[in-house]
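Enquirer: In this note's numbering, the protein residues as written are 2 to 436.
We put the CB at the ideal spot given by N, CA and C, even for glycine.
Since the model is a prediction, treat every value here as computed from it, not as a measurement.
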């Protein structure tokens, strides 16, 4: 039986999907082994080979990538843009490691492998990692910076456990190269120190429109004049009391995510004229938020962790309440303490009353439990004022309910049952305990 060829317009999406899950054990080179037609199609698809997802783990990761990188570079066009992602999994904490899609693969586990010598609790892979990261960075810089001029996406995550001077120096050298084509810059767990002194960072990033700086300490911050999307702050690492100062200008910034704790802050210009979406996470908000002017802010996303960021946000008098249209609240702490649950029951009504023009609310479970309880407790007139015309989306079930202002307690109880939420008619203490 003759098997018909698969058209390239179908093979292309298959290849693109496979690249997203490219790891040492399941590399994109596997596509070359399927059949002759797939091999020809893959080798002729140059864009397949200019995406380098280099996830570093235990032996034999170093050997595999040493032989794989030159071949991949040869298979893409000589002047093709390069998309580089480099992650060191060995120096990540177990908490960080669990947040990546390689968590089921033992080769990427932060725990030591069998290559342990002497009394050390670390394996040889840890000791070899800095030199290998340096080699990879030099490879992508290329002779006289010829390859760094082709970077379109550059992402580095050095892991959150060790301050490694050699790796950080290599990253600083990379960032001191001209990168005129670079559009996306992502730096995570990069901690530059005295070893990076004297390097002129970010000499040419005129095309960058998206920047992420998380759990990092830099000697110089990049220019944000043309940046439209930014993610800044601290998720896992030690802030070392360093704030992030991206003044004087962020005039084109449209999306800003801030992850702030109480040890350091983020300083921005006093006015963000183009900002339409603010995303808050972490345990605190920047004090500068109380002074910023965001005249076009239309969307707010809040990630609830160990603190009530809604309470802090609604205290900002500088916000233009009439502009805010969409609110997304996600709560990840299913075992949150009594204090946080009680605080949210007080801050959610303030959010509804303070921003009456909100028409779209998106929430996951736990925070939806609280929202329906808040609405259930409101008098009918007040309930109509804050719910009429609002569309509430259950992000877990991917469904929504449109409020028309006529909902009574019984209809709210039916909605809670349909969405498998805590019944809002439970007494206060029993409701809190049921969350």
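What span of residues does the beta strand (DSSP E) with residue 300 cover, start to end?
Expert: Counting from one through the chain shown, the residue named residue 300 turns up at place 299. Here the beta strand (DSSP E) through residue 300 covers 300–305.
Enquirer: By the three-class DSSP mapping on this structure, what secondary structure does residue 295 have?
Expert: By 1-based counting over the chain shown, the position of residue 295 is 294. Of the three classes helix, strand and coil, the one that applies to residue 295 here is coil, per DSSP.
Enquirer: Label residue 339 either buried or exposed according to how many other C-beta atoms from any shown protein chain fall within 10 Å of its C-beta, with 16 as the threshold for buried.
Expert: For the purposes of this step, residue 339 is taken as residue 338 along the chain shown, with counting starting at 1. The residue is exposed, with fewer than 16 neighbouring Cβ atoms inside 10 Å.
Enquirer: What residues match up with residue 278 in a beta bridge as DSSP calls it?
Expert: Here residue 278 is taken as the residue at index 277 of the chain shown, counted from 1. Residue 278 pairs with 256, 300.
Enquirer: Within its chain, find whatever has a CB closer than 8 Å to the CB of residue 38; leave out the 5 residues flanking it on each side and keep chain order.
Expert: Looking up residue 38 in the chain shown gives position 37. 6, 7.
Enquirer: Jot down the residue ranges of each uninterrupted alpha helix (DSSP H) in the segment 126–194, minimum 4 residues, whole runs only, in chain order.
Expert: Entirely contained in the segment 126–194, the alpha helix (DSSP H) runs reaching 4 residues are, in chain order, 166–176.
Enquirer: Where does residue 246 sit, in a helix, a strand or coil, going by DSSP?
Expert: Residue numbering aside, residue 246 sits at position 245 when the chain shown is read from its first letter. DSSP places residue 246 in strand when its eight states are reduced to three.
Enquirer: Leaving out five residues before and five after residue 287 in sequence, what residues of the same chain have Cβ atoms less than 7 Å from its Cβ?
Expert: The residue labelled residue 287 in the question sits at position 286 within the chain shown. These residues qualify, in order along the chain: 259, 261, 266, 267.
Enquirer: Cβ of residue 154 within 9 Å of Cβ of residue 108?
Expert: Working through the chain shown from its first residue, we reach residue 154 at position 153. Working through the chain shown from its first residue, we reach residue 108 at position 107. Their beta carbons are not under 9 Å apart, which means residue 154 does not touch residue 108 by this criterion.
Enquirer: Counting pairs of Cβ atoms below 8 Å between the segment 385–398 and the segment 359–370, do you hit three or more?
Expert: These segments touch.
Enquirer: Expressed to the nearest angstrom, what Euclidean distance is found between the alpha-carbon atoms of residue 277 and residue 42?
Expert: On the chain shown, position 276 is the one that residue 277 refers to. On the chain shown, position 41 is the one that residue 42 refers to. Spanning the two alpha carbons is a distance of roughly 42 Å.
Enquirer: Can you name the residues that DSSP bridges to residue 93?
Expert: Here residue 93 refers to the residue found at position 92 of the chain shown. None; residue 93 has no bridge partner.
Enquirer: One question on the structure: do residue 281 and residue 248 come within less than 9 Å of each other, judged by their Cβ atoms?
Expert: Residue mapping note: residue 281 aligns to position 280 of the chain shown, counting from 1. Residue mapping note: residue 248 aligns to position 247 of the chain shown, counting from 1. The answer is no: Cβ separation not under 9 Å.
Enquirer: Tell me the rounded alpha-carbon separation between residue 191 and residue 146.
Expert: Position 190 of the chain shown holds residue 191. Position 145 of the chain shown holds residue 146. For residue 191 and residue 146, the distance between alpha carbons rounds to 21 Å.
Enquirer: What does residue 285 pair with, by DSSP beta-bridge criteria?
Expert: As a first step, residue 285 is located in the chain shown; it is residue number 284 there, counting from the start. Partner(s): 261.
Enquirer: Throw me the rounded Cβ distance for the residue 245 and residue 279 pair, which I believe falls under 8 Å.
Expert: Start at 1 with the first residue of the chain shown, and residue 245 comes out as number 244. Start at 1 with the first residue of the chain shown, and residue 279 comes out as number 278. No, residue 245 and residue 279 are not in contact; Cβ-Cβ is about 16 Å, not under 8 Å.
Enquirer: In three-state DSSP terms, what is residue 84?
Expert: Within the chain shown, the letter at position 83 stands for residue 84. Correct three-state label for residue 84: strand.
Enquirer: Do you know offhand how far residue 429's Cα is from residue 295's?
Expert: On the chain shown, position 428 is the one that residue 429 refers to. On the chain shown, position 294 is the one that residue 295 refers to. Approximately 37 Å between the Cα atoms of the pair.
Enquirer: Nearest-angstrom Cα distance between residue 409 and residue 284?
Expert: Here residue 409 is taken as the residue at index 408 of the chain shown, counted from 1. Here residue 284 is taken as the residue at index 283 of the chain shown, counted from 1. The alpha-carbon atoms of residue 409 and residue 284 are separated by roughly 35 Å.
Enquirer: Could you tell me which of 271, 311, 275, 235 sits nearest to residue 253, measuring between CA atoms?
Expert: Taking the first residue of the chain shown as 1, we reach residue 253 at position 252. With distances taken between Cα atoms, residue 253 lies closest to 275.
Enquirer: To the nearest angstrom, how far is it from the Cα of residue 137 to the Cα of residue 26?
Expert: Taking the chain shown and counting its residues from 1, the one referred to as residue 137 is at position 136. Taking the chain shown and counting its residues from 1, the one referred to as residue 26 is at position 25. Looking at the two C-alpha atoms, the distance is approximately 19 Å.
Enquirer: Check each candidate in 255, 219, 148 and name the one with the smallest Cα separation from residue 226.
Expert: Counted from its first residue, the chain shown places residue 226 at position 225. Ranking the options by Cα distance to residue 226, first place goes to 255.
Enquirer: Kindly identify the DSSP beta-bridge partner or partners of residue 212.
Expert: Position 211 of the chain shown, counted from the start, is the residue given in the question as residue 212. Its beta-bridge partners are 186, 231.
Enquirer: Can you name the start and end residues of the alpha helix (DSSP H) that residue 387 belongs to?
Expert: The residue you call residue 387 lines up with position 386 of the chain shown. Looking at the DSSP string, the run of the alpha helix (DSSP H) that includes residue 387 is 381–388.
Enquirer: Can you find the residues in the same chain that come closer than 7 Å, C-beta to C-beta, to residue 217, ignoring five residues on each side of it along the sequence?
Expert: Residue 217 sits at position 216 when you count from the first residue of the chain shown. For residue 217, where only same-chain residues beyond five positions count, the Cβ hits under 7 Å are 188, 189, 190, 191, 192.
Enquirer: I need the boundaries of the alpha helix (DSSP H) containing residue 24, first residue and last residue.
Expert: One-based indexing of the chain shown puts residue 24 at position 23. Segment: none, residue 24 is in no alpha helix (DSSP H) and carries neither H nor E.
Enquirer: Which of helix, strand or coil does DSSP assign to residue 4?
Expert: Numbered from its first residue, the chain shown carries residue 4 at position 3. Low local confidence applies: a pLDDT of 47 at residue 4 is under 50, so the model's placement there is unreliable, with the coordinate-based value given in what follows. Here residue 4 sits in coil by DSSP.
Enquirer: Counting only runs of 3+ residues fully inside the segment 385–422, write out the beta strand (DSSP E) ranges in chain order.
Expert: Entirely contained in the segment 385–422, the beta strand (DSSP E) runs reaching 3 residues are, in chain order, 392–395, 400–403.
Enquirer: Starting from residue 502, follow its DSSP beta bridges and name the residues at the other end.
Expert: This structure cannot settle anything about residue 502, because the visible part of the chain is limited to 2 through 436.
Enquirer: Please classify residue 439 as buried or exposed, where buried requires at least 16 neighbouring CB atoms within 10 angstroms.
Expert: This structure leaves residue 439 out entirely; the chain is present only between 2 and 436.
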